[in-house]
Amino acid sequence: MQRNPPHMSIIQNRKAFHDYFIEEKLEAGLVLEGWEVKAIRAGRVQLKESYVDWKNGAFWLIGCHITPLQSASTHVKPDPVRPRKLLMSQAEINRFIGKVERAGYTMMALDLHYSKGNVKAEVGLAKGKKLHDKRDTEKDREWQREKQRVMKNQRGAA
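Numbering (UniProt numbering), first residue to last: 1 to 158.
The following block contains the structure:
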């Protein structure tokens with residue numbers, strides 16, 4: 001029996017990994033409305049332009065677009081990009097505030113996933129990449145692909 005089963009991913013923010021160095025990761029809960037949970041389960045969510053901001057004593061997920069379902073939101077006026085509160089312990093909040101305020105980091109939503117039936121967000125402490133860093137990352141990725149191809153061809157020939 002597994003102690004920590006792998007979480008089931010809903011959506012990943014690949015742009016965050018391309019544009020930023022991710023220093024630290026953290027799992028946080030989200031305060032969602034009913035129609036939002038139904039729309040997320042249907043896969044109608046986008047994290048591309050989202051980020052995490054600190055205000056009013058809490059971290060908020062801003063810019064996450066959840067497209068409402070017609071059937072689930074008949075009696076409510078849904079706002080697809082409303083700020084959503086992240087649920088984190090006070091110790092985690094204090095640790096991340098210091099790094100965001102003083103060290104010049106930013107916080108990004110890296111992915112949404114299910115954990116024990118609940119929708120959770122993986123948040124990362126990120127530092128921006130320069131253009132040459134992005135090029136280096138791309139070169140490394142291409143080299144890894146090429147290396148895999150060569151290894152596969154050598155195994156196939158033997």
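Yeah, the Cβ is synthetic: ideal placement off N, Cα and C, and Gly gets one too.
Computed from a predicted model, the values in this text were never measured in an experiment.
For residue i, the three-state DSSP class (helix, strand or coil)
i	result
Arg3	Unreliable positioning characterises Arg3 in this predicted model, as indicated by a pLDDT of 48, which lies under 50. The coordinate reading is nonetheless provided below. DSSP places Arg3 in coil when its eight states are reduced to three.
Gly34	helix
Met88	coil
Thr67	coil
His113	strand
Leu47	coil
Val119	strand
residue 160	Residue 160 is absent from the model: the chain starts at 1 and stops at 158.
Val100	helix
Ala58	strand
Ala42	coil
Val76	coil
Among the options, nearest to residue i - alpha-carbon criterion
i	options	result
Pro80	Lys116, Asp19, Met151 and Val45	Val45
Lys15	Lys120, Glu49 and Thr106	Glu49
Lys130	His18, Ile10, Ile11 and Gln12	His18
Ile66	Gly117, Pro83 and Glu24	Pro83
Leu32	Tyr20, Ser9, Trp60 and Lys55	Trp60
Tyr105	Ile22, Ser9 and Ile10	Ile22
Gln70	Arg102, Glu92, Lys85 and Ala42	Ala42
Cys64	Ser115, Gln154 and Leu110	Leu110
Exposure label - residue i; buried when at least 16 CB within 10 Å
i	result
Leu112	buried
Met151	exposed
Glu122	buried
Lys55	exposed
Asn13	buried
Ala126	buried
Lys77	exposed
Gly117	exposed
His132	exposed
Contact check, residue i vs residue j, beta carbons under 8 Å
i	j	result
Glu27	Gly124	no
Gly128	Leu87	no
Leu20	Met107	Position check: residue 20 holds Tyr in this sequence, whereas Leu was assumed. In this structure, Met107 does not lie closer than 8 Å to Tyr20 by Cβ.
Lys85	Ala58	yes
Counting pairs of beta carbons, one from the region 26-42 and one from the region 126-143, are three or more of them closer than 8 Å? no
With contact counted as at least three CB pairs below 8 Å, one residue from each stretch, are the region 47-61 and the region 141-150 in contact? no
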